[in-house]
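Residues in the sequence shown are numbered from 8 upward in steps of one, following the working numbering. The beta-carbon is built from N, C-alpha and C at its ideal position, and this holds for glycine as well. Below is one structure, written out as structure tokens; comments come after it.
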Amino acid sequence: MKKILFLGVQALFLLGCSTPPVETRFDLNGSSQLQILNESPDSIPIVLDNWPYLPSDENQHLDTWIPPGKLLNLDITTQNWHYYNLTVDTQDFRLFTQPNMNNEIQVTDGAHRIRFSGKHKAINEFLAKRHPHSDWGPRTYWNQGGGSLAELLVAYDSITDRQKKELYAASNLPSWYSEFESLRLDYVNAASKLSSTRYRYKMLGIRDSIPKDFFKRVMGTLPIERADLAGVDIYMRFLGWYLTYQISPLPSKKNPAPNDPNQAFPLIRIETIEQSFASQEIKDVLLTEYFTHVIDKGRHVWQDEWLKHIHSPELSRLVTEQLQDNPLLPAGSDLPYFYLKDEEGKTFEPTDFKGKILLINFWATWCKACYKG
Numbered sequence: 008m009k010k011i012l013f014l015g016v017q018a019l020f021l022l023g024c025s026t027p028p029v030e031t032r033f034d035l036n037g038s039s040q041l042q043i044l045n046e047s048p049d050s051i052p053i054v055l056d057n058w059p060y061l062p063s064d065e066n067q068h069l070d071t072w073i074p075p076g077k078l079l080n081l082d083i084t085t086q087n088w089h090y091y092n093l094t095v096d097t098q099d100f101r102l103f104t105q106p107n108m109n110n111e112i113q114v115t116d117g118a119h120r121i122r123f124s125g126k127h128k129a130i131n132e133f134l135a136k137r138h139p140h141s142d143w144g145p146r147t148y149w150n151q152g153g154g155s156l157a158e159l160l161v162a163y164d165s166i167t168d169r170q171k172k173e174l175y176a177a178s179n180l181p182s183w184y185s186e187f188e189s190l191r192l193d194y195v196n197a198a199s200k201l202s203s204t205r206y207r208y209k210m211l212g213i214r215d216s217i218p219k220d221f222f223k224r225v226m227g228t229l230p231i232e233r234a235d236l237a238g239v240d241i242y243m244r245f246l247g248w249y250l251t252y253q254i255s256p257l258p259s260k261k262n263p264a265p266n267d268p269n270q271a272f273p274l275i276r277i278e279t280i281e282q283s284f285a286s287q288e289i290k291d292v293l294l295t296e297y298f299t300h301v302i303d304k305g306r307h308v309w310q311d312e313w314l315k316h317i318h319s320p321e322l323s324r325l326v327t328e329q330l331q332d333n334p335l336l337p338a339g340s341d342l343p344y345f346y347l348k349d350e351e352g353k354t355f356e357p358t359d360f361k362g363k364i365l366l367i368n369f370w371a372t373w374c375k376a377c378y379k380g
């Protein structure tokens, strides 16, 4: 699902001041504004990508041009403290925002042509200088099988330490942001260790010696339950990996093995979420993300009684809408049309599989385990 909302193109540019934010909590329908004023003599290309946490399949994408002297005003889905990606005339930025706040950018002609203003001016200036912008890029080598697990853990800690030093060296940042970003980097580090170790073990078949206290050491003193961070992307990813290790720790091969594994794993996931957290807000957000993912990727698995686990009427309604938008095709329905080639170059269409059960695997080129296999 892709959507972007234009609020208008105006001739005036509204300037804001940097002030500490009010308390931010998860808001499914929260939004912030982005205003880009083109003061240069030429039209400039703009590309925006924003991935809200809910629904799990939603992406805001915009690829357009801003004429000279015009202001582009955009409404950005913002459910809590949040980052999104923006490219302005081939320059890549990662912007920080929160619900009901403005980010403002002026593009001029000259060497220092991009200027930030608005509520988070100092933060976005800091982010523009930070390198790299990605949380995951510096960790690619180890994630793809480079080095040993021990080297991976040391390297990931080193990356986080370097990022924190850069953060603390920026003296003009609001203290609340420095505290938030420092904690966020800790969640990035922990989530990266958990995901990389599992990816190497399960997908790449690398049998590193995993210490018995590995999970405990990775968790350290990180707070597991932070309802104020519900919907913050990396915190929710961290919780996702936390739950995965609760269900199936490494190197144990503990797996659900009932009569119907398609039904079993969702039930185990639901039960683990219910037992792992006291905050109903965190439970609701995690369950909603998981349910929307199940509906999107495995609609036939869904059971209506699962919906009772979500207490929030708003989030329950979101799941219901997802179900309505993804109905099960009745038996005998026509297969959606496709025209595909297999590895030997043979072509296939739906009529070739009439009366048969069909599974189509698409391998991502970035997935080392996929193309290695």
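Secondary structure at residue i, three-state DSSP: helix, strand or coil?
i, result
"residue 328", "helix"
"residue 360", "helix"
"residue 24", "Per-residue confidence for residue 24 stands at a pLDDT of 40, beneath the threshold of 50, marking its modelled position as unreliable; the derived number appears in the next sentence. Here residue 24 sits in coil by DSSP."
"residue 2", "The structure shown does not extend to residue 2, since the chain is modelled only from 8 to 380, so the question has no answer here."
"residue 86", "coil"
"residue 284", "coil"
"residue 208", "helix"
"residue 248", "helix"
"residue 19", "Residue placement at residue 19 is flagged as unreliable, the pLDDT there being 35, under the threshold of 50; the coordinate-derived value follows with that caveat. Correct three-state label for residue 19: coil."
"residue 367", "coil"
"residue 180", "coil"
"residue 166", "helix"
"residue 156", "helix"
"residue 131", "helix"
"residue 8", "Legend: pLDDT at residue 8 = 47, less than 50; position of this residue unreliable, value from coordinates given subsequently. Looking at residue 8 - three-state DSSP - the assignment turns out to be coil, as it is neither helix nor strand."
"residue 81", "strand"
"residue 279", "helix"
"residue 239", "coil"
"residue 234", "helix"
"residue 150", "helix"
"residue 228", "coil"
"residue 200", "helix"
"residue 320", "helix"
"residue 171", "helix"
Find the nearest neighbour of residue i within the set the options, judged by alpha-carbon distance.
i, options, result
"residue 40", "107, 211 and 226", "107"
"residue 42", "35, 52 and 78", "78"
"residue 354", "272, 346 and 327", "346"
"residue 250", "56, 322 and 289", "289"
"residue 281", "182, 294 and 272", "294"
"residue 333", "302, 75 and 174", "302"
"residue 129", "96, 363 and 112", "112"
"residue 223", "352, 124, 205 and 252", "252"
"residue 221", "245, 246, 319 and 258", "258"
"residue 116", "198, 241, 275 and 44", "44"
"residue 152", "67, 205 and 308", "205"
"residue 297", "97, 276, 98 and 351", "276"
"residue 84", "98, 56, 248 and 134", "56"
"residue 348", "285, 342 and 357", "357"
"residue 175", "162, 163, 164 and 189", "189"
"residue 71", "64, 101, 96 and 304", "96"
"residue 335", "324, 308, 312 and 200", "308"
"residue 343", "99, 305 and 360", "360"
"residue 186", "198, 172 and 199", "172"
"residue 338", "362, 143 and 82", "362"
"residue 98", "141, 69, 143 and 52", "52"
Within the same chain, show all residues whose beta-carbon is closer than 7 Å to that of residue i, passing over the 5 residues directly before and after it, in chain order.
i, result
"residue 17", "Summary for residue 17: the model assigns pLDDT 41, below 50, so the residue's position carries little reliability, and this model does not support an answer."
"residue 48", "75 and 116"
"residue 125", "23, 109, 110 and 111"
"residue 33", "86, 87, 237, 238, 288 and 292"
Give me the DSSP bridge partner(s) of residue i.
i, result
"residue 111", "42 and 124"
"residue 145", "Looking at the DSSP assignment, residue 145 forms no beta bridge with any residue, so it has no partner."
"residue 67", "57"
"residue 348", "354"
"residue 92", "56 and 101"
"residue 73", "51"
Cutting at 8 Å between CB atoms, please list the residues of its own chain near residue i, excluding the five before and the five after it.
i, result
"residue 31", "87, 88, 105, 106 and 235"
"residue 279", "250, 253 and 254"
Any heavy atom of the ligand ADP closer than 8 Å to the Cβ of residue i?
i, result
"residue 126", "No copy of the ligand ADP occurs in the structure displayed, which carries no ligand at all."
Skipping 5 residues on each side, what residues in its chain have a beta carbon closer than 6 Å to that of residue i?
i, result
"residue 184", "130"
Worksheet item: Given 8 Å as the limit, is there contact between the region 164 to 180 and the region 211 to 221, that is, 3 or more CB pairs closer than that?
Response: no
Practice prompt. Take every Cβ of the region 56 to 63, pair it with every Cβ of the region 226 to 246, and state whether three or more of those distances are shorter than 8 Å.
Written response: yes
Worksheet item: Does the region 225 to 233 touch the region 193 to 203, meaning 3 or more C-beta pairs lie closer than 8 Å?
Response: yes
Worksheet item: With contact counted as at least three CB pairs below 8 Å, one residue from each stretch, are the region 172 to 191 and the region 120 to 134 in contact?
Response: yes
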